[in-house]
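Asks:
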Amino acid sequence: MLSARMAPVGTHPVIAPGNHRAFMEYALEAARLSPPRADKFCVGACLVNAETGQVLSTGYSLELPGDRPGDPGRTHAEHCCFIKIADQYGIKEERIGDVLPPNTVLYTTMEPCNSRLSGNRSCVDRIIGLGDAVKTVYVGIREPDTFIAANSGRNRLEKAGIQMVFVEGLEDRILNVAMAGHEK
9 MLSARMAPVG
19 THPVIAPGNH
29 RAFMEYALEA
39 ARLSPPRADK
49 FCVGACLVNA
59 ETGQVLSTGY
69 SLELPGDRPG
79 DPGRTHAEHC
89 CFIKIADQYG
99 IKEERIGDVL
109 PPNTVLYTTM
119 EPCNSRLSGN
129 RSCVDRIIGL
139 GDAVKTVYVG
149 IREPDTFIAA
159 NSGRNRLEKA
169 GIQMVFVEGL
179 EDRILNVAMA
189 GHEK
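Numbering of the sequence shown is given in our numbering, commencing with residue 9 and proceeding in unit increments.
1) Per DSSP, what are the beta-bridge partners of Ser65 in this structure?
2) For Pro120, count neighbouring C-beta atoms within 10 Å of its own C-beta (all shown protein chains included) and say buried if the count is 16 or more, exposed if not.
3) With distances taken between CB atoms, is the gap from Gly105 to Ala141 smaller than 8 Å?
4) Taking the straight line between their C-alpha atoms, what separation do you get for Val113 and Val185?
5) Just grab the DSSP bridge partners of Gln171 for me.
6) Round the Cβ separation of Ala46 and Tyr68 to the nearest angstrom and send it over; I've been treating them as touching at under 8 Å.
7) Strictly by DSSP, which residues pair up with Leu114?
8) Using only CA atoms, which one of Glu102, Gly161, Thr144 lies nearest to His28?
9) Rounding to the nearest angstrom, what Cα-Cα distance links His84 and Glu102 in this structure?
10) Note down, in chain order, each residue of its chain lying with its Cβ closer than 8 Å to the Cβ of Ile91, except the 5 sequence neighbours on either side.
11) Could you work out which residue in Leu64, Tyr115, Asn122 is closest to Ala30 when comparing CA atoms only?
12) Go ahead and label Met9 buried or exposed: buried means 16 or more other beta carbons lie within 10 angstroms of its beta carbon, across all protein chains shown.
13) Would Glu86 be called buried (16 or more neighbouring beta carbons within 10 Å of its own) or exposed?
14) Would you grab the beta carbon distance between Leu108 and Gly148 for me? Rounded to a whole angstrom, and I think it's under 8 Å.
15) Please state the DSSP three-state secondary structure of Arg162.
16) Quick check: the Cα distance between Arg134 and Glu191, rounded to an integer number of angstroms?
So, in structure tokens, the structure goes:
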């Protein structure tokens, strides 16, 4: 375990490039910060420069307010990562691909959503919307069918040239955190 709470911006832990399990553990730490509720999953994510191992941003479900201009609704973990980069550079979220390092990857404890019950923009749409800025998404678990049955986000990502890779070995821990607030 890296720490009991997430590091402030710019003070993320040093993790060796390619240590997928350690990056997923860091995303899992973020997920633990998400407020447990029966109407959502507790998900954590981090954007990483794959060449250097530098964590560029982190996020967790409901970390940031969902009242962004033109984008109401709840913030998902991946979305929070993107918002933080946009705010850091003073640009719109759709433009963060212009400032991300060439080998940026995304780690997320749960498969990115492909559709949302709220009708808001899905995380898959956000990732694809970045063009070729993120070429690989590392995932801890598939999205359970609790809210949306048969998430087909992987197919859409792969059709857009974005690889989705499962990081094995943390599934039980990730699912336990993701389902916090749900009846057992």
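Glycine included, each C-beta is placed from N, C-alpha and C at the ideal position.
Keep in mind that this is a model prediction, so the values were computed, not measured.
Replies: In terms of the structure at hand:
1) Leu55
2) buried
3) yes
4) 22 Å
5) Thr144
6) Not quite, the Cβ-Cβ distance comes to about 17 Å (not below 8 Å), so this is no contact.
7) Leu55, Val145
8) Thr144
9) Roughly 16 Å between the two C-alpha positions.
10) Beyond the five residues adjoining it in sequence on each side, Ile91 comes within less than 8 Å, by CB distance, of Gly67, Leu72, Arg76, Thr83, Glu101 in the same chain, given in chain order.
11) Tyr115
12) Caution applies to Met9, whose pLDDT of 37 falls short of 50 and renders its modelled position unreliable; the value that the coordinates give is listed next. Classification for Met9: exposed.
13) buried
14) Not quite, the Cβ-Cβ distance comes to about 22 Å (not below 8 Å), so this is no contact.
15) helix
16) Rounded to whole angstroms, Arg134 to Glu191 spans 30 Å at the Cα level.
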